[in-house]
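For the sequence shown, position 151 matches number 151 in full-length UniProt numbering, and the numbering has no gaps at all.
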Amino acid sequence: MNKIVFFGGKGGVGKTTCSASYAVFSAKSGLKTLLVSTDPAHSTSDIFEKKIKNEITNILPNLDAIEISGEKESKIYMDNVKISLKNVVSPVIVKEINKQIDAASISPGTEEAALFDKMIEIITEKNDEYDRIIFDTAPTGHTVRLLTLPELLGAWLDTLIKKRSKSVTLMSMANHHGQTDKKDIDNDEVIKILRKRYEKINKAKKIMMEDKLLSFIFVINAEKLPIDETVKAINILEKYNVLVDGIVVNKILPENMKDDFWKSKKEQEQKYLDIIMETFKGKKIFKLPLLQEDMKSNNIENIADKFSEFN
Ligand SMILES: Nc1ncnc2c1ncn2[C@@H]1O[C@H](COP(=O)(O)OP(=O)(O)OP(=O)(O)O)[C@@H](O)[C@H]1O
Ligand SMILES: [Mg+2]
1 MNKIVFFGGK GGVGKTTCSA SYAVFSAKSG LKTLLVSTDP AHSTSDIFEK
51 KIKNEITNIL PNLDAIEISG EKESKIYMDN VKISLKNVVS PVIVKEINKQ
101 IDAASISPGT EEAALFDKMI EIITEKNDEY DRIIFDTAPT GHTVRLLTLP
151 ELLGAWLDTL IKKRSKSVTL MSMANHHGQT DKKDIDNDEV IKILRKRYEK
201 INKAKKIMME DKLLSFIFVI NAEKLPIDET VKAINILEKY NVLVDGIVVN
251 KILPENMKDD FWKSKKEQEQ KYLDIIMETF KGKKIFKLPL LQEDMKSNNI
301 ENIADKFSEF N
């Protein structure tokens, strides 16, 4: 199994449960593990019955966790943008720009971008410190979009840098009797900020897509909709070079049920399991039983042990 593992899937299928158990399994196998929750509901704290904040907290031996939220990160992000801009633009327009930034911080996409930046920061800065980094993600569409961002943002930033360089070159020529001073481009604050972001995104892209250190695990239930959605998501991710390694089929009903209702439910489950085996041929497929009770810190180890078959 890869070093950076993303657990994704539809709402309520068991992403938080699976990522938390897989994190416990990794830690018990002796790997220094970081569990990152990007799920706005933050149920990781509930599972471990321990308050996990937006800073790295130790949970068990070898296991640390952190909960990050788009809302909080977007506030930090916007405050940072304000500080960076202070050095770039004249004080007269700082007030006006700050007003625009406040408006932007409530516009769609901002929390997503801020969350993405924080995820990239964790991947690039913690990759050497941990043997395994596990992400519990928000429902599918959101995460798939996030993972395609490096490709899109990289190209976009490249264009911005080129455009800005062109205008700085023209300014430089005007100031140096038609000659350009390369230092003017290197010292330009806007270019510095854009280049820094470009390098960070490229580093994350290299770790995630080129070095293939990242793999995506889909959690599904043996039902029609999660299967259809996962097929679509896998197509998009593979187009963007994100490896989809496996499928966890969660909440599998017990065998030998007597009651007619549950017998027919079990037959229906088997029908979908056959479809799953056929649809996702070539990927690791792993089944997790339906537990009698919600997963909490007392039974997490049972499920964690089952992951040894998956590794
Ligand atoms: N194998 C299982 N057996 C019994 N209950 C389970 C199992 N897996 C998950 N659950 C329960 O199902 C509910 C949803 O699980 P979980 O929170 O892990 O899903 P999720 O995919 O993270 O949801 P969300 O999309 O809301 O983040 C929880 O109450 C959890 O305890
Ligand atoms: Mg969840």
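Idealized CB from N, CA, C, for every residue including glycine.
From residue 308 to residue 283, what does the alpha carbon distance come to, in whole angstroms? Looking up residue 308 in the sequence shown gives position 308. Looking up residue 283 in the sequence shown gives position 283. In a straight line, the C-alpha of residue 308 is about 16 Å away from that of residue 283.
Look at the alpha carbon of residue 224 and the alpha carbon of residue 272, and state the distance between them as a whole number of angstroms. Within the sequence shown, the letter at position 224 stands for residue 224. Within the sequence shown, the letter at position 272 stands for residue 272. The alpha-carbon atoms of residue 224 and residue 272 are separated by roughly 7 Å.
Mind checking residue 118: buried by the 16 CB within 10 Å criterion, or exposed? As a working mapping, residue 118 is identified with position 118 in the sequence shown. It is buried - the Cβ of residue 118 has at least 16 other Cβ atoms within 10 Å.
Taking C-alpha atoms, which residue in 32, 73 and 48 lies nearest to residue 325? In the structure as shown, the chain starts at 1 and stops at 311, and residue 325 therefore has no counterpart that could be examined.
For residue 287, is the beta carbon positioned less than 6 Å from some heavy atom of ligand 1? Counted from its first residue, the sequence shown places residue 287 at position 287. The answer is no for residue 287.
In three-state DSSP terms, what is residue 216? Position 216 of the sequence shown holds residue 216. If DSSP states are grouped into helix, strand and coil, residue 216 belongs with the strands.
Separation of residue 106 from residue 305, as counted between CA atoms: The residue you call residue 305 lines up with position 305 of the sequence shown. The residue you call residue 106 lines up with position 106 of the sequence shown. Taken atom to atom, the span from the alpha-carbon of residue 305 to that of residue 106 is near 43 Å.
Delimiting residues of the beta strand (DSSP E) encompassing residue 57: Within the sequence shown, residue 57 is the residue found at index 57, counting from 1. Segment 57–60, the beta strand (DSSP E) holding residue 57.
Closest to residue 246 by C-alpha separation, out of 260, 214 and 261, would be which residue? Within the sequence shown, the letter at position 246 stands for residue 246. That would be 214, whose Cα lies nearest to the Cα of residue 246.
Alpha carbon of residue 155 to alpha carbon of residue 57, nearest angstrom: Along the sequence shown, one-based indexing puts residue 155 at 155. Along the sequence shown, one-based indexing puts residue 57 at 57. Roughly 35 Å between the two C-alpha positions.
So what does DSSP say about residue 49, is it helix, strand or coil? Locating residue 49 in the sequence shown gives position 49, counting from the first residue. Residue 49 falls in the coil class under three-state DSSP.
Can you list, in chain order, the residues of its chain whose CB lies under 7 Å from that of residue 86, leaving out five sequence neighbours each side? In the sequence shown, counting from the first residue as 1, residue 86 sits at position 86. Excluding sequence neighbours, residue 86 sits near 94.
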